[in-house]
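**Q** In our numbering, the protein residues as written are 26 to 228.
The structure is given below, and queries will be raised subsequently.
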Amino acid sequence: MRASKETVVSIEYTLKDEKGTVLDTSVGQEPMEYLHGASNIIPGLEQGVEGLKAGESKSVVVPAALGYGEYSDKLIQRVPLDRFGANKVEIGMRFHAETNLGMRVLVIRHVDDKEAVLDGNHELAGKTLYFDVKVVAVRAAELTELAHGHPHQAGGCCGGGGAKSGGCGCSDTESSEGGCCSSEEKTEKSSGGCGNGGCGCSH
Ligand SMILES: [Zn+2]
């Protein structure tokens, strides 16, 4: 089976910048599993993996537009310090906030005595990405995975321990506790499953 729409693909990857510096890698960890065609991973990498089967490797160059987007000045905001209340404000701090481009992770880039400069650009925005990717496994997606838009691992939605009893519970709004993507699992499983692009279970 080849990586294509409606398949669940496991990949090993190493991401480098244009100088060959390793920025991220799955080597030495569990392969990253994603639902192909469901925007679980950046479009350029998904396009690069398209058509590969288990055991095949490829180098994929992803321009910023098909990666984490172009760098945008619109995502730079100056915020008066009093908006932070009693919270500490330090360069490098990150938090989630609503911006005019949706929910973003904002990083404090600069602080003076009056205001802080927040940057909502992804740290890889504007960068060409160099991936070495190897397909570890490809399987047909299950119907529930297609419905949720993400892969389910052994035990159900969001990996081990997620929903061993009573099924995934993703579409059951009444059973949020211990069901799909409880906050505990979300932090545990940061890539591939719920972490990437959100679980979407409650939609
Ligand atoms: Zn799910």
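For each residue, glycine too, the CB sits at the ideal point set by N, CA and C.
Values in this document were obtained by computation on a predicted structure and should not be read as measured data.
Please return the same chain residues whose Cβ sits closer than 6 Å to the Cβ of Arg27, not counting the five positions on each side in sequence.
**A** Gly76, Lys78, listed in sequence order.
**Q** Leaving out five residues on either side along the sequence, give the residues of the same chain with a beta carbon under 6 Å from the beta carbon of Gly92.
**A** Cβ within range, chain order: Ile67, Gly69, Leu154.
**Q** In chain order, what residues of the same chain have a beta carbon less than 7 Å from the beta carbon of Val104, not counting five sequence neighbours either side?
**A** Around Val104: Glu140, Ala141, Leu143.
**Q** Report the partner residues of Gln102 according to the DSSP bridge assignment.
**A** In DSSP, Gln102 forms a bridge with Leu143.
**Q** With a CB to CB cut of under 6 Å and the five nearest residues on each side skipped, what residues in its chain are close to Gly94?
**A** For Gly94, where only same-chain residues beyond five positions count, the Cβ hits under 6 Å are Ala150.
**Q** With a 10 Å radius around its C-beta and 16 neighbouring C-beta atoms as the bar for buried, classify Val33 as buried or exposed.
**A** Answer is buried; the Cβ neighbour count reaches 16.
**Q** Would you call the CB atoms of Phe120 and Leu40 closer than 7 Å?
**A** No, Cβ-Cβ distance for Phe120 and Leu40 is not below 7 Å.
**Q** Less than 6 Å separating the Cβ of His147 from some heavy atom of ligand 1?
**A** Every heavy atom of ligand 1 is 6 Å or more from the Cβ of His147, so no.
**Q** Below 6 Å, is the gap between the Cβ of His173 and the nearest heavy atom of ligand 1?
**A** Because some heavy atom of ligand 1 lies under 6 Å away, the Cβ of His173 counts as near it: yes.
**Q** To the nearest angstrom, how far is it from the Cα of Glu31 to the Cα of Asp138?
**A** For Glu31 and Asp138, the distance between alpha carbons rounds to 52 Å.
**Q** Can you give me the C-alpha to C-alpha distance between Glu148 and Ser64, rounded to a whole angstrom?
**A** The straight-line gap from Cα to Cα measures roughly 19 Å.
**Q** Can you check which of these residues, Ile101, Ser29, Gln72, Ile116, is closest to Arg129 by C-alpha distance?
**A** Selected option, being the one with the closest Cα: Ile101.
**Q** Return helix, strand or coil for Asp49, following the three-state DSSP convention.
**A** Reduced to three states, the DSSP call for Asp49 is strand.
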